[in-house]
Structures are given as C-alpha cells and as structure tokens.
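Engineer: Before I ask anything, here is the structure I am working with.
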Amino acid sequence: MEDSAYKVAVTAETFFVEEQSDPTDSRYIFAYTIKIRNLNTVAVTLLTRHWVITNGEGQIQEIHGQGVVGKQPYLKPGGEFCYTSGAMLETPVGTMQGSYCMVTEDGVAFEANIGIFSLAVPGCIH
Numbered sequence: 000m001e002d003s004a005y006k007v008a009v010t011a012e013t014f015f016v017e018e019q020s021d022p023t024d025s026r027y028i029f030a031y032t033i034k035i036r037n038l039n040t041v042a043v044t045l046l047t048r049h050w051v052i053t054n055g056e057g058q059i060q061e062i063h064g065q066g067v068v069g070k071q072p073y074l075k076p077g078g079e080f081c082y083t084s085g086a087m088l089e090t091p092v093g094t095m096q097g098s099y100c101m102v103t104e105d106g107v108a109f110e111a112n113i114g115i116f117s118l119a120v121p122g123c124i125h
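So this is what it looks like as structure tokens:
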C-alpha cells in the first residue's frame, strides 16, 4: 500500500489534562494536537487512522478507525489540517505512534507514518 513517492508531514504536540485525570484511580488524560501537511503536488484525503498507544508498563492498545475527529480531511498541495484529540493511560508516562492511510486525488493509496511521541505528566521524565 505504501508508495514512497507520496509524503505528508505529521507533527504532534501533547498536553497533560490534570483536571480530567485521577492518579489515585490510575487515570491519566492527555490531549494531543496533530498537524498534517500535504507535501505532494496532488491533493490527498486521509481515509483511516491506526494508533499504537503504549503505557509505562509496556501494555499496548491499538486503535483503528475512519478518519480523524469524525472527518476525512482533504488537503490540497501544501495544505494543512490540524486537530486535537485525547488518550487515557493508566500510568503517568507512555507513548503513541501510528499511521494514516491516505489516497491521492488520482486514486493512489499510501501510508503516512506518525513517529513516536511521548505522553507524560510534567516532572515525570527528567
């Protein structure tokens, strides 16, 4: 499914959501803002997502779904799409990584990899 001729840039910024978290109940809520930028000379559409979330004890949760935040964004060449979503961990630290299945306007499917990023309560990682 991957055609290395097609590329999108994906960046992530994370935030610990203290007011929704409850450490006494092993509930740590994190928000993350993702920016997707189309680096191609053709338009692309994000079809599906795949996330791998790993908590501080090495437990893995995989998430597959259509689009992101209820949308399948269409990005013109050079276009960007940003969204914010969230994840819950049972530990104060963890990681996320994954991929988006994209399709070009001329029907070529490719995978956009999302590099690993940290989810961490401030002060937990030195």
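Taking numbering that gives the first Met the number 0, the leading residue of the sequence shown gets 0, the next gets one more, and so forth.
Just so you know, even glycine gets a beta-carbon here, dropped at the ideal spot from N, CA and C.
Could you give the C-beta distance for N37 and L88, rounded to a whole number, given that I count them as a contact under 8 Å?
Structural biologist: Taking the sequence shown and counting its residues from 1, one reaches residue 37 at position 38. Taking the sequence shown and counting its residues from 1, one reaches residue 88 at position 89. With 8 Å as the limit, N37 and L88 do not qualify as a contact, their Cβ atoms being about 31 Å apart.
Engineer: Taking 8 Å as the threshold (C-beta atoms), are T53 and G97 in contact?
Structural biologist: Within the sequence shown, residue 97 is the residue found at index 98, counting from 1. Within the sequence shown, residue 53 is the residue found at index 54, counting from 1. The answer is no: Cβ separation not under 8 Å.
Engineer: Can you give me the C-alpha to C-alpha distance between V51 and G57, rounded to a whole angstrom?
Structural biologist: Residue 51 sits at position 52 when you count from the first residue of the sequence shown. Residue 57 sits at position 58 when you count from the first residue of the sequence shown. Whole-angstrom Cα-Cα distance: 11 Å.
Engineer: Contact defined as beta carbons within less than 8 Å: I believe Y5 pairs with T83. What is the distance between those atoms, to the nearest angstrom?
Structural biologist: Taking the first residue of the sequence shown as position 1, residue 5 is located at position 6. Taking the first residue of the sequence shown as position 1, residue 83 is located at position 84. Under the criterion of beta carbons closer than 8 Å, Y5 and T83 do not qualify as touching, at roughly 25 Å.
Engineer: Going along the chain, which residues of its own chain have a beta-carbon closer than 7 Å to the beta-carbon of D105, five neighbours each way excluded?
Structural biologist: Taking the first residue of the sequence shown as position 1, residue 105 is located at position 106. Contacts found: V41.
Engineer: Sorted by chain position, which residues of the same chain lie with C-beta nearer than 7 Å to F80's C-beta, five sequence neighbours on each side aside?
Structural biologist: If you number the sequence shown from 1, residue 80 lands on position 81. Excluding sequence neighbours, F80 sits near I35, P72 and L74.
Engineer: How many whole angstroms separate the CB atoms of I33 and A11, which I take to be in contact at a CB cut-off of 8 Å?
Structural biologist: Taking the first residue of the sequence shown as 1, we reach residue 33 at position 34. Taking the first residue of the sequence shown as 1, we reach residue 11 at position 12. Indeed, because the Cβ distance is near 5 Å, the residues count as touching under 8 Å.
Engineer: Assign Q19 to one of two classes, buried (16 or more other C-beta atoms within 10 Å of its C-beta) or exposed (fewer than that).
Structural biologist: One-based indexing of the sequence shown puts residue 19 at position 20. When all chains shown are included, Q19 counts as exposed.
Engineer: Where E1 and T23 are concerned, what is the direct C-alpha to C-alpha distance, given to the nearest angstrom?
Structural biologist: Along the sequence shown, one-based indexing puts residue 1 at 2. Along the sequence shown, one-based indexing puts residue 23 at 24. Annotation note: pLDDT 46 at E1 (below 50); position unreliable, no value reported.
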